[in-house]
Amino acid sequence: MQQISSFQNSDTGRLYLVPTPIGNLDDMTFRAVKTLREVDLIAAEDTRHTQQLLNHFEIDTKEISFHEHNTEQRIPELIEKLKNGVTIAQCSDAGMPSISDPGKELVAAAVKAGIPVVPLPGANAGLTALIASGLAPQPFYFYGFLQRKHQQQVTELQAMVNRPETLIFYEAPHRLKKTLATLAEVLGAGRQAVLARELTKRYEEFSRGSLGELQAYFTEHSPRGEFVVLVAGNPHPQEDTQPASDLSPLEQVDQEIVKGLSTNAAIKLVAKRNGLNRQQLYRQYHHIGE
Numbered sequence: 001m002q003q004i005s006s007f008q009n010s011d012t013g014r015l016y017l018v019p020t021p022i023g024n025l026d027d028m029t030f031r032a033v034k035t036l037r038e039v040d041l042i043a044a045e046d047t048r049h050t051q052q053l054l055n056h057f058e059i060d061t062k063e064i065s066f067h068e069h070n071t072e073q074r075i076p077e078l079i080e081k082l083k084n085g086v087t088i089a090q091c092s093d094a095g096m097p098s099i100s101d102p103g104k105e106l107v108a109a110a111v112k113a114g115i116p117v118v119p120l121p122g123a124n125a126g127l128t129a130l131i132a133s134g135l136a137p138q139p140f141y142f143y144g145f146l147q148r149k150h151q152q153q154v155t156e157l158q159a160m161v162n163r164p165e166t167l168i169f170y171e172a173p174h175r176l177k178k179t180l181a182t183l184a185e186v187l188g189a190g191r192q193a194v195l196a197r198e199l200t201k202r203y204e205e206f207s208r209g210s211l212g213e214l215q216a217y218f219t220e221h222s223p224r225g226e227f228v229v230l231v232a233g234n235p236h237p238q239e240d241t242q243p244a245s246d247l248s249p250l251e252q253v254d255q256e257i258v259k260g261l262s263t264n265a266a267i268k269l270v271a272k273r274n275g276l277n278r279q280q281l282y283r284q285y286h287h288i289g290e
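Heads up: the sequence shown is residues 1 to 290, going by full-length UniProt numbering.
So, in structure tokens, the structure goes:
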């Protein structure tokens, strides 16, 4: 067990994790503004973006960049500063540090070095969307961004087919259509979902319906703004009634369909599981060429 330390007795600096607004600057907390003013240094995901926030609140604290591309370089530098008594606030462009944003590696390094880590509460897009979605708010399963390639998404989502919790994803507008198609393919077009865009901003919008309906809507409309994608959990998760090895490939396909996979997704999964040719299994399942 790691020894419990007291902030008051620490000779090191402290690492403050400061959430920033996800759109509306009025969501900045008094404590967050006070902290950014009082620390010695701000480690920002994008210094230019954060500077706009600092200008708005008349904060003149010095910044240093800390993002996914310079993590290895910056962490030793920041930890050394903290060890020498420098207080640092780490913030991302929007929302909470470490949640689909930079931060977790720095926190882990600070904890390992015995440096106090002080989290501040604040804005988070996933929870903001969840409480207004109309879907079950708890339990929920936060996933964040899916992988970008189709087959990678299929693999990720197949592991969530039977999860009963509301699923929460983030997605960029230029990838939303493809991601909706994959969600419908793997989780089923009938699964209820909510898309939240431009949260806390002037054009905040919630779109509700089945995955199939939302996919059809965005086939004819262009997505704009960053999206939170919430998908209802599986109300009737089913476990395997017998090991897959005891079933024929065609029976395994039927079993995966009962669990909630689309026919094509089930065939892909079973073919991969059994080392079979997917096209051949597809023809067998649909009795093509018989």
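All residues carry an ideal CB built from backbone N, CA and C; glycine is no exception.
Counting along the chain, Thr128 sits inside the alpha helix (DSSP H) bounded by residues Ala125 to Ser133. Taking every protein chain shown into account, the CB of Gly134 has fewer than 16 other CB atoms within 10 angstroms, so this residue is exposed. Of Arg48, Ala110 and Tyr203, the smallest CA-CA separation from Pro223 is found for Tyr203.
With contacts defined by Cβ atoms closer than 7 Å, Gln158 and Leu281 do not form a contacting pair. The stretch 168–203 contains, as complete alpha helix (DSSP H) runs of 4+ residues, the segments 176–187 (chain order). With contacts defined by Cβ atoms closer than 7 Å, Ile59 and Gly126 do not form a contacting pair. Per DSSP, Leu41 lies in no alpha helix (DSSP H) segment; the continuous beta strand (DSSP E) that holds it begins and ends at Leu41 to Ala44.
When DSSP states are grouped into helix, strand and coil, Gly103 belongs to the coil group. Contact check for Leu41 and Lys62: beta-carbon distance about 6 Å, within the 8 Å limit, so the pair qualifies.
Counting along the chain, Pro76 sits inside no beta strand (DSSP E); it lies in the alpha helix (DSSP H) bounded by residues Thr71 to Lys83. Distance check between Gly144 and each of Pro137, Glu171 and Ala193 places Glu171 closest, using alpha-carbon atoms only.
Assigned with DSSP and collapsed to three states, Phe218 falls in helix. Listed as beta-bridge partners of Tyr16 by DSSP are Ala89 and Val118.
Relative to the Cα of Glu38, the nearest Cα in the group Ala89, Leu199 and Arg175 belongs to Ala89. Where Ile267 is concerned, the enclosing alpha helix (DSSP H) starts and stops at Thr263 to Asn274.
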